[in-house]
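Student: Got a structure for you, written out below as structure tokens; questions coming shortly.
Protein chains: 2
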Amino acid sequence: MTEKATPSPEAIKAWARLMRVSRQLVESTEDALKKGGLPPLAWYDVLHELAEAGEGGLRPFQLIERTLFAQYNISRLLARLEADGLVEKLPVADDGRGQTIRISTKGRETRRRMWAVYGRSIEELVGAKLSTDELNTVSALLGRLRHPPADD
Amino acid sequence: MTEKATPSPEAIKAWARLMRVSRQLVESTEDALKKGGLPPLAWYDVLHELAEAGEGGLRPFQLIERTLFAQYNISRLLARLEADGLVEKLPVADDGRGQTIRISTKGRETRRRMWAVYGRSIEELVGAKLSTDELNTVSALLGRLRHPPADD
DNA sequence: CGATTATTGATGCAGTTGCATCTATGTAGA
DNA sequence: TCTACATAGATGCAACTGCATCAATAATCG
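Protein chains in written order, with the working numbering: chain A, 21 to 172; chain B, 21 to 172.
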């Protein structure tokens, strides 16, 4: 019956911190990548998924499931990655509509160089700021905000 | 001497959770606003700052300090807000370069209607998921990731 | 089979962002 | 004062995003 019109001050504060911090971290990292003449974070996300998938590659719709990119976004991002020679698009034997995306050697190399910067950013901006226990606490609590919630 | 090449698994996980959760929350909220025929979150941020500033208004550069928007972003956002009649641009007496931005009545009304949706989003996505203690823990830990760090 | 519906991925268009630069005004220093 | 430099804000252009829709293939069902 009672509609909660406004969240608690604690919820608002947590939300505000989350928004501000995540934007700052992204911005810092994007700056660092740019300074290193490297592609934006979005490219890393895709290259990372593809590197984990190995030689079998992934279908674009699988990338959509694994990342938070919209379909049109993946479509165009893959076009750019292909234009840069970082991925290959292969036809799929049993589905004429689809394609399999496989990371190339150059793609792995780019990913490696991005990680040198990205990883440093994570270490400096997060790893160095909180203890292991605190990091685990953050992960656990944020995991409950995820959809679907993660328990680990 | 020793360069830390890669952050700890705990730091990586916390980072990943932070990135994913913040994107999901933003996306959910933007969807809710759109569904209500309301402007995007960025407008809320600015309207909120201007509403808090009261009749005196704020200079654009003060908005840049308070939010995380780039200068050109604020410039154009304010142009859109003005075009929609949500803010007024007033000349500044002692600085011919500048202007003061003041929220209009319609701006306050729009902010109010946005908050009805935004606040509900915060409550559902965050407030309802964690206890007050947990929310405070999240805020405190994220505060330490902020730049500059916040202790409260 | 043949028609309908669903899925995969691409794309035209309008709106937004990022970058670099520009104009205008203010400040400081010789 | 006159010149150099700094600050406030706007803007042209290219790239990117979001939306809607499209074409092509696959799956379903009578």
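Backbone N, C-alpha and C define an ideal beta-carbon position, used for all residues, glycine too.
(1) Three Cβ pairs or more, each shorter than 8 Å: is that satisfied between the region 77 to 94 of chain B and the region 44 to 59 of chain B?
(2) Mind checking which residues open and close the beta strand (DSSP E) that includes R122(B)?
(3) Have a look at the DSSP bridge pairing and note the partners of E108(B).
(4) So, is T130(A) buried or exposed, given that buried needs 16 or more other C-beta atoms within 10 angstroms?
(5) May I have the straight-line CA-CA distance separating L110(B) from E75(B), to the nearest angstrom?
(6) Assign A99(A) to buried or exposed, taking buried as 16 or more other Cβ atoms, counted over all protein chains shown, within 10 Å of its Cβ.
(7) Secondary structure at L98(A), three-state DSSP: helix, strand or coil?
(8) Strictly under 7 Å for the Cβ-Cβ distance: is R43(B) near chain A by that measure?
(9) Measuring only between beta-carbons, confirm whether I142(A) sits less than 7 Å from chain B.
(10) Keeping to the same chain, check which residues put their C-beta closer than 7 Å to that of A31(B); ignore five residues upstream and five downstream.
(11) Report, in whole angstroms, the separation of the C-beta atoms of R37(A) and G163(B), which I expect to be a contact under 8 Å.
(12) Kindly list, in the order they appear in chain A, the residues whose Cβ is closer than 9 Å to that of A146(B).
(13) Determine the DSSP secondary structure at L161(B), reduced to helix, strand or coil.
(14) Skipping 5 residues on each side, what residues in its chain have a beta carbon closer than 8 Å to that of S95(A)?
(15) Report the rounded CA-to-CA distance for N156(B) versus L161(A), giving the unit in angstroms.
(16) Expressed to the nearest angstrom, what Euclidean distance is found between the alpha-carbon atoms of M134(B) and M39(A)?
(17) To the nearest angstrom, how far is it from the Cα of R132(B) to the Cα of H167(B)?
(18) Considering only the beta carbon of each residue, do P27(A) and E143(B) sit closer than 7 Å?
(19) When you compare the CB positions of V158(B) and A34(A), do they come within less than 7 Å of one another, or not?
(20) Given that L67(A) touches chain B, what residues does it touch there, using C-beta distances under 8 Å?
(21) Quick check on the burial criterion: 16 or more other C-beta atoms within 10 angstroms. Buried or exposed for R140(B)?
(22) If you drop the 5 nearest sequence neighbours on each side, which residues of the same chain put their C-beta closer than 8 Å to that of V112(B)?
(23) Distance check for S42(A) and L165(B), CA to CA, integer angstroms please.
(24) Identify whether L58(B) lies in helix, strand or coil by the three-state DSSP scheme.
(25) Measure the alpha-carbon distance for E102(A) versus L106(B) and round it to whole angstroms.
(26) Tell me the residue span of the alpha helix (DSSP H) that contains P80(B).
(27) For K149(B), return the contacting residues in chain A, with the cut-off set at a CB-CB distance below 7 Å.
Tutor: Let me lay it out:
(1) Judged by Cβ distances under 8 Å, the region 77 to 94 of chain B makes no contact with the region 44 to 59 of chain B, as fewer than three pairs qualify.
(2) Here residue 122(B) refers to the residue found at position 102 when the second sequence is read from its first residue. Where R122(B) is concerned, the enclosing beta strand (DSSP E) stretches over Q119 to I123.
(3) Within the second sequence, the letter at position 88 stands for residue 108(B). For E108(B), which the question treats as bridged, DSSP gives the partners R122(B).
(4) Working through the first sequence from its first residue, we reach residue 130(A) at position 110. Its Cβ being crowded by 16 or more others within 10 Å, T130(A) is buried.
(5) The residue given as residue 110(B) occupies position 90 in the second sequence. The residue given as residue 75(B) occupies position 55 in the second sequence. Across the structure, L110(B) and E75(B) are spaced so that their CA atoms are roughly 11 Å apart.
(6) Position 79 of the first sequence holds residue 99(A). Counting the other Cβ atoms within 10 Å of the Cβ of A99(A) gives fewer than 16, which makes it exposed.
(7) Looking up residue 98(A) in the first sequence gives position 78. Here DSSP, grouped into helix, strand and coil, assigns L98(A) to helix.
(8) By one-based count along the second sequence, residue 43(B) stands at place 23. Cβ-Cβ to chain A under 7 Å: yes for R43(B).
(9) Residue mapping note: residue 142(A) aligns to position 122 of the first sequence, counting from 1. Interface residue, yes.
(10) In the second sequence, the residue the question calls residue 31(B) occupies position 11. So the list is empty, once near-sequence residues are dropped.
(11) Looking up residue 37(A) in the first sequence gives position 17. Looking up residue 163(B) in the second sequence gives position 143. Sure, about 6 Å apart at Cβ, within 8 Å.
(12) Mapped onto the second sequence, residue 146(B) falls at position 126. Per the sequence shown, the amino acid found at residue 146(B) is Val instead of Ala. By Cβ distance, chain A contributes P27, A31, I32, A34, W35, L38 and L165.
(13) As a working mapping, residue 161(B) is identified with position 141 in the second sequence. When DSSP states are grouped into helix, strand and coil, L161(B) belongs to the helix group.
(14) For the purposes of this step, residue 95(A) is taken as the residue at position 75 of the first sequence. P80, listed in sequence order.
(15) In the second sequence, residue 156(B) corresponds to position 136, counting from 1. In the first sequence, residue 161(A) corresponds to position 141, counting from 1. Going from the Cα of N156(B) to the Cα of L161(A) covers about 11 Å.
(16) In the second sequence, residue 134(B) corresponds to position 114, counting from 1. In the first sequence, residue 39(A) corresponds to position 19, counting from 1. For M134(B) and M39(A), the gap between their C-alpha atoms comes out near 17 Å.
(17) Position 112 of the second sequence holds residue 132(B). Position 147 of the second sequence holds residue 167(B). Approximately 29 Å, taken between the alpha carbons.
(18) Locating residue 27(A) in the first sequence gives position 7, where the first residue counts as 1. Locating residue 143(B) in the second sequence gives position 123, where the first residue counts as 1. Between P27(A) and E143(B), the C-beta gap is smaller than 7 Å, which places the two residues in contact.
(19) Residue 158(B) sits at position 138 when you count from the first residue of the second sequence. Residue 34(A) sits at position 14 when you count from the first residue of the first sequence. Result yes, Cβ atoms of V158(B) and A34(A) sit closer than 7 Å.
(20) In the first sequence, counting from the first residue as 1, residue 67(A) sits at position 47. What L67(A) touches in chain B: nothing, since even the nearest Cβ is about 15 Å away.
(21) Reading the second sequence from its first residue, position 120 is the one you call residue 140(B). Residue environment: R140(B) is assigned as buried (16 or more neighbouring CB atoms within 10 Å of its CB, all protein chains considered).
(22) Taking the first residue of the second sequence as 1, we reach residue 112(B) at position 92. For V112(B), where only same-chain residues beyond five positions count, the Cβ hits under 8 Å are R79, G118, Q119 and T120.
(23) In the second sequence, residue 165(B) corresponds to position 145, counting from 1. In the first sequence, residue 42(A) corresponds to position 22, counting from 1. L165(B) and S42(A): Cα-Cα distance of roughly 9 Å.
(24) Here residue 58(B) corresponds to residue number 38 of the second sequence, with the count starting at 1. Residue state, collapsed to three classes: coil.
(25) Translated into positions along the first sequence, residue 102(A) becomes position 82. Translated into positions along the second sequence, residue 106(B) becomes position 86. Approximately 44 Å between the Cα atoms of the pair.
(26) Within the second sequence, numbered from 1, the residue matching residue 80(B) stands at position 60. If you look at P80(B), you'll find it in the alpha helix (DSSP H) that goes P80 to R86.
(27) Looking up residue 149(B) in the second sequence gives position 129. Using a Cβ-Cβ cut-off of 7 Å, K149(B) is close to R164 and L165 of chain A, given in chain order.
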